[in-house]
Amino acid sequence: MSKIQVDRELVRKVADLAQLSLSEQEIGLYQERLSKVLSYVEQLDSVHESLGKDWRPDTARGAPGASTPERADTVTGSLSVEEAMKQAPARIGTAFQVPRILE
Amino acid sequence: MTANLTVKSIVDLVRSGKQTPTQLAAAYLDRTRSIAQKLNSHLHLDEAAALSEALAAEKRIHEIGAHRLPLAGVPVLVKDNICVRGSKTTCGSKILENYVATYDATVIKRLREAGAFVLGKLNMDEFAMGSSNENSAFGPVRNPWNLNYVPGGSSGGSAASVAARLAPVALGSDTGGSIRQPASFCGIVGLKPTYGTVSRFGLVAFGSSLDQIGPLTTTVEDAALVMDVLAGLDASDSTSVQHPQSDFARGLSENPDALKGMTVGIPEEFFESGLDSEVGACLERAIADVQRAGAKIKRVRLPNISYSVAAYYVIATAEASANLARFDGIRYGYRTKEAGLGLKDLYRKTRSEGFGQEVKQRIMLGTFVLSSGYYDAFYSKANKVRELISRDFDAVFDSGVDLILTPTSPTPPFKLGEKLSDPLAMYLSDICTIGVNLAGLPAISVPCGRTKAGLPVGMQLIAPKFNEQTLLNGAHAYERATEWHKDQPAI
Numbered sequence: 364m365s366k367i368q369v370d371r372e373l374v375r376k377v378a379d380l381a382q383l384s385l386s387e388q389e390i391g392l393y394q395e396r397l398s399k400v401l402s403y404v405e406q407l408d409s410v411h412e413s414l415g416k417d418w419r420p421d422t423a424r425g426a427p428g429a430s431t432p433e434r435a436d437t438v439t440g441s442l443s444v445e446e447a448m449k450q451a452p453a454r455i456g457t458a459f460q461v462p463r464i465l466e
Numbered sequence: 028m029t030a031n032l033t034v035k036s037i038v039d040l041v042r043s044g045k046q047t048p049t050q051l052a053a054a055y056l057d058r059t060r061s062i063a064q065k066l067n068s069h070l071h072l073d074e075a076a077a078l079s080e081a082l083a084a085e086k087r088i089h090e091i092g093a094h095r096l097p098l099a100g101v102p103v104l105v106k107d108n109i110c111v112r113g114s115k116t117t118c119g120s121k122i123l124e125n126y127v128a129t130y131d132a133t134v135i136k137r138l139r140e141a142g143a144f145v146l147g148k149l150n151m152d153e154f155a156m157g158s159s160n161e162n163s164a165f166g167p168v169r170n171p172w173n174l175n176y177v178p179g180g181s182s183g184g185s186a187a188s189v190a191a192r193l194a195p196v197a198l199g200s201d202t203g204g205s206i207r208q209p210a211s212f213c214g215i216v217g218l219k220p221t222y223g224t225v226s227r228f229g230l231v232a233f234g235s236s237l238d239q240i241g242p243l244t245t246t247v248e249d250a251a252l253v254m255d256v257l258a259g260l261d262a263s264d265s266t267s268v269q270h271p272q273s274d275f276a277r278g279l280s281e282n283p284d285a286l287k288g289m290t291v292g293i294p295e296e297f298f299e300s301g302l303d304s305e306v307g308a309c310l311e312r313a314i315a316d317v318q319r320a321g322a323k324i325k326r327v328r329l330p331n332i333s334y335s336v337a338a339y340y341v342i343a344t345a346e347a348s349a350n351l352a353r354f355d356g357i358r359y360g361y362r363t364k365e366a367g368l369g370l371k372d373l374y375r376k377t378r379s380e381g382f383g384q385e386v387k388q389r390i391m392l393g394t395f396v397l398s399s400g401y402y403d404a405f406y407s408k409a410n411k412v413r414e415l416i417s418r419d420f421d422a423v424f425d426s427g428v429d430l431i432l433t434p435t436s437p438t439p440p441f442k443l444g445e446k447l448s449d450p451l452a453m454y455l456s457d458i459c460t461i462g463v464n465l466a467g468l469p470a471i472s473v474p475c476g477r478t479k480a481g482l483p484v485g486m487q488l489i490a491p492k493f494n495e496q497t498l499l500n501g502a503h504a505y506e507r508a509t510e511w512h513k514d515q516p517a518i
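Top to bottom, those sequences are chains A and B.
Count along the first sequence from 1, add 363, and you get the number used in this note's numbering.
Count along the second sequence from 1, add 27, and you get the number used in this note's numbering.
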């Protein structure tokens with residue numbers, strides 16, 4: 364793990380990937396804070412581990428040793444249209460309103 | 028009247044007909060009116076809804092019989108990241124400010140089936156990200172022992188409310204210490220169950236491989252009574268399991284002197300540098316008390332535990348960046364008021380306006396460690412370190428240790444604002460609790476002393492996976508041998 368240089372460009376790129384828009388002032392703030400946290404996290408590099416390069420965590424299983432039993436595939440009730448629509452930030456009739464994506 | 032009530036005593040009062048759920052609700056609401064505002068502990072206190080919940084519990088008790096309901100008439104406060112149908116569930120965030128849950132979390136269903144009822148919803152760090160409850164979009168919670176101090180986080184509203192006796196029990200969630208650390212800061216009991224013990228269905232996800240719901244109470248016996256109801260397999264959460272132990276409260280009463288003959292491991296790493304001297308003194312006394320209660324003390328080592336905070340802030344933020352991607356301003360929650368935006372700008376504006384500073388920071392951190400070129404160096408490595416930490420705990424338990432004893436937090440409660448400008452200082456306040464989440468273990472914080480300034484100090488006990496009974500038995504025996512749990516803040 365090489366030392367990460369957190370510059371303004373990296374903060375912009377990560378914010379873009381995370382679907383966030385930041386002001387110039389925020390970019391400066393996160394540059395400082397992310398830099399501090401990442402330089403701390405880089406200590407992981409010094410951990411000697413003998414798990415081997417093929418070792419992979421079973422992330423679908425949650426915490427180490429947790430099990431995931433299957434459940435019966437049965438039909439259950441769901442929300443009514445009106446109940447689901449109540450949550451919509453903007454709606455047209457029974458549709459969720461979104462910006463135009465096709466010209 | 029409510030100041031001295033416990034879950035146990037309420038069940039007894041309701042069973043003997045001396046109190047009804049509606050009388051209890053009225054008494055707690057009365058106390059809450061004068062105190063909650065000082066603490067900023069409550070986000071939603073709908074008195075009519077609380078009384079109607081109490082009435083429903085009363086009806087259930089009438090139909091089924093109080094003796095068949097393990098939590099007959101018990102009022103419960105709920106952290107605001109747990110869904111209660113028809114009530115707001117904000118997660119302490121502007122982005123969910125007006126979100127009304129459309130279903131009940133499994134834990135809420137289970138509590139109601141057991142005769143309990145929901146009294147209100149509690150303040151918390153936004154999306155459970157924080158250790159001081161200063162990250163709430165709705166203002167910080169204050170510590171009932173001293174209003175200038177933080178109550179801990181992220182379940183700060185839960186801990187402050189139970190300490191101030193606004194309910195005998197509150198639900199919290201614990202991803203890196205968010206039940207135990209605030210319990211310690213507020214002088215009460217907080218239990219984080221083994222991963223998989225309590226269903227996460229209806230808990231708004233933060234770090235899915237780490238999150239667990241658990242109780243905050245004033246006694247260990249109460250924690251056992253509530254865990255008897257919360258634990259169990261739920262088809263709606265594929266990571267939930269049927270717990271091999273099923274009657275914690277009875278197990279407790281059958282073994283009141285459980286520490287006799289137990290081996291309690293003291294990991295040296297937690298008692299080296301960085302431990303506040305007053306916390307250290309409280310813990311030394313607690314270790315002596317545990318020994319006096321009949322336990323054998325064994326010094327042990329957890330060689331990789333010092334890497335737990337680093338591994339956690341990679342894994343938890345990676346999971347959070349994926350979990351919080353769902354907040355996009357389309358299906359529910361806040362949407363930016365700016366008109367005429369394209370889809371991508373709508374997402375970005377909404378998220379930037381809706382999330383607070385700490386949440387944005389963690390989303391970006393998680394996005395970064397999962398991004399191309401950094402995934403192996405950060406995310407894969409952190410998972411390997413997580414495995415090593417888990418194996419370190421296993422090795423200690425395999426060497427004949429029944430319980431591990433540590434401080435819950437390296438420091439006593441700190442002042443509001445004291446750590447806000449330094450993200451690392453705040454993250455390091457979870458150093459004693461985070462390893463437990465990485466390894467999926469059960470752990471409990473119990474009060475073990477007070478500082479010269481009168482602020483509470485907590486002791487953490489950790490057990491092997493699915494050994495909640497041993498954990499509760501050990502904590503209960505310690506509680507019986509000491510008086511700290513009897514102290515109440517003068518608020």
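Heads up, the beta-carbon is just placed ideally off N, CA and C, and yes, glycines get one too.
Legend entry - CA-to-CA distance, Thr437(A) to Val400(A), given in whole angstroms: Whole-angstrom Cα-Cα distance: 46 Å.
Legend entry - From Gly301(B), Phe405(B), Glu385(B), Ala194(B), residue whose alpha carbon lies closest to that of Ile367(A): Of the candidates Gly301(B), Phe405(B), Glu385(B), Ala194(B), Phe405(B) places its Cα closest to the Cα of Ile367(A).
Legend entry - Identity of the residue in Gly183(B), Pro242(B), Ala84(B), Ala76(B) nearest Val38(B) by Cα: Comparing Cα-Cα distances from Val38(B) to each of Gly183(B), Pro242(B), Ala84(B), Ala76(B), the minimum goes to Ala84(B).
Legend entry - Minimum C-alpha distance to Ile357(B) - residue among Ala197(B), Gly381(B), Glu346(B): Per the Cα distances, Gly381(B).
Legend entry - Euclidean distance between Cα positions of Ser417(B) and Ser335(B): Using only the alpha carbons, I get a separation of about 10 Å.
Inset, instruction - Using a Cβ cut-off of 8 Å (strictly closer), state whether Met364(A) contacts chain B. - result: Here the model assigns Met364(A) a pLDDT of 46, short of 50, so the residue's position is not dependable and the matter cannot be decided.
Inset, instruction - Within the same chain, show all residues whose beta-carbon is closer than 6 Å to that of Ser267(B), passing over the 5 residues directly before and after it, in chain order. - result: Here the set comprises Gly223, Ser226, Leu260, Asp261.
Inset, instruction - Whole angstroms is fine: what's the gap from Lys376(B)'s alpha carbon to Ala451(A)'s? - result: Lys376(B) and Ala451(A) have their C-alpha atoms some 17 Å from each other.
Inset, instruction - Determine the extent of the beta strand (DSSP E) in which Gly292(B) is found, giving its start and end residues. - result: From DSSP, the beta strand (DSSP E) with Gly292(B) extends over 290–294.
Inset, instruction - Could you tell me which chain B residues have their CB closer than 7 Å to the CB of Ser384(A), listed as they occur along the chain? - result: Think of a sphere of 7 Å around the beta carbon of Ser384(A): the chain B residues whose beta carbon falls inside it are Arg375, Lys376, Ser379, in chain order.
Legend entry - Assumed close pair Met391(B), Ala381(A) - CB separation to whole angstroms, cut-off 8 Å: With a Cβ gap of about 5 Å, Met391(B) and Ala381(A) count as contacting.
Inset, instruction - Starting from the beta carbon of Met391(B), find every residue of chain A whose beta carbon is closer than 8 Å, and list them in chain order. - result: Here the neighbours are Val374, Val377, Ala378, Ala381, Leu383, Tyr393, Leu397.
Legend entry - C-alpha gap between Met364(A) and Gly462(B), whole angstroms: At Met364(A) the pLDDT is 46, less than 50, meaning the model places this residue with poor confidence and gives no usable figure here.
Inset, instruction - Can you say whether Pro20(B) is buried or exposed, counting buried as having 16 or more other CB atoms within 10 angstroms of its CB? - result: Given that chain B is displayed from residue 28 to residue 518, the structure contains no residue 20(B) and the question cannot be resolved.
Legend entry - DSSP three-state assignment for Gly147(B), whether helix, strand or coil: Secondary structure at Gly147(B): strand, using DSSP grouped into helix, strand and coil.
Legend entry - Whole-angstrom distance between Thr29(B) and Arg58(B), CA atom to CA atom: A straight line joining the alpha-carbon of Arg58(B) with that of Thr29(B) spans about 8 Å.
Legend entry - Min CB distance Asn410(B) to chain A below 8 Å: Yes, contact with chain A.
Legend entry - Residues in the region 323–345 of chain B having any Cβ partner in chain A nearer than 8 Å: Against chain A - using a Cβ distance shorter than 8 Å - the residues of the region 323–345 of chain B are Asn331, Tyr334, Val336, Ala337, Ala338, Tyr340, Val341.
Legend entry - Cα-Cα separation between Ile135(B) and Leu149(B), rounded to whole angstroms: Computed Cα separation, rounded: 14 Å.
Inset, instruction - Compare the beta carbon distance of Ser200(B) and Ser182(B) with 8 Å and say whether it is the shorter of the two. - result: Taking the C-beta atoms as reference points, Ser182(B) is found nearer than 8 Å to Ser200(B).
Legend entry - Sequence-distant residues of its chain with Cβ nearer than 6 Å to Ala251(B) (five each side left out): Spatial neighbours of Ala251(B) in its own chain (CB-CB distance under 6 Å, excluding positions within 5 residues in sequence) are listed in chain order as Phe275, Ala276, Leu279, Leu499.
Inset, instruction - For Thr29(B), decide whether its Cβ has a neighbour in chain A, counting only Cβ atoms nearer than 8 Å. - result: Output row for Thr29(B): interface = no.
Legend entry - DSSP bridge partner residues for Ile91(B) (one or two, in chain order): DSSP lists no partner for Ile91(B).
Inset, instruction - Report the rounded CA-to-CA distance for Leu82(B) versus Arg139(B), giving the unit in angstroms. - result: Rounded to the nearest angstrom, the two C-alpha atoms are 12 Å apart.
Inset, instruction - State the beta-bridge partners of Ile431(B) as determined by DSSP. - result: According to DSSP, Ile431(B) bridges with Gly292(B), Ile489(B).
Inset, instruction - Return no unless some Cβ of chain B is closer than 8 Å to the Cβ of Arg454(A). - result: Arg454(A) does not count as touching chain B.
Inset, instruction - Taking all protein chains shown into account, decide if Thr133(B) is buried (16 or more other Cβ within 10 angstroms of its Cβ) or exposed. - result: Its Cβ being crowded by 16 or more others within 10 Å, Thr133(B) is buried.
Inset, instruction - Note down the Cα distance separating Leu432(B) from Leu488(B), rounded to an integer number of angstroms. - result: Answer to the nearest angstrom: the Cα atoms are 5 Å apart.
Inset, instruction - Verify whether the separation of the beta carbon atoms of Val404(A) and Tyr340(B) is less than 8 Å. - result: Yes, the pair counts as a contact, with Cβ atoms nearer than the cut-off.
Legend entry - Run of the beta strand (DSSP E) containing Ile135(B), from where it starts to where it stops: That residue, Ile135(B), is in no beta strand (DSSP E); its alpha helix (DSSP H) goes 133–140.
Legend entry - Pairwise C-alpha distance: Ala409(B) and Phe297(B): Going from the Cα of Phe297(B) to the Cα of Ala409(B) covers about 21 Å.
Inset, instruction - Keeping to the same chain, check which residues put their C-beta closer than 6 Å to that of Thr221(B); ignore five residues upstream and five downstream. - result: The answer, listed in chain order, is Pro469, Lys492, Phe493.
Inset, instruction - Count the other C-beta atoms from every protein chain shown that fall within 10 angstroms of the C-beta of Asp255(B), then say buried if there are 16 or more, exposed otherwise. - result: Buried, since its Cβ has 16 or more Cβ neighbours within 10 Å.
Inset, instruction - Grab the span of the alpha helix (DSSP H) containing His71(B) for me, first residue to last. - result: For His71(B), no alpha helix (DSSP H) encloses it; the enclosing beta strand (DSSP E) starts and ends at 69–71.
Inset, instruction - For chain B, find out if any of its Cβ atoms is closer than 8 Å to the Cβ of Leu465(A); answer yes or no. - result: No, no contact with chain B.
Inset, instruction - Taking 8 Å as the threshold, find out whether the region 282–299 of chain B comes into contact with the region 387–402 of chain B through three or more Cβ pairs. - result: No contact exists between the region 282–299 of chain B and the region 387–402 of chain B.
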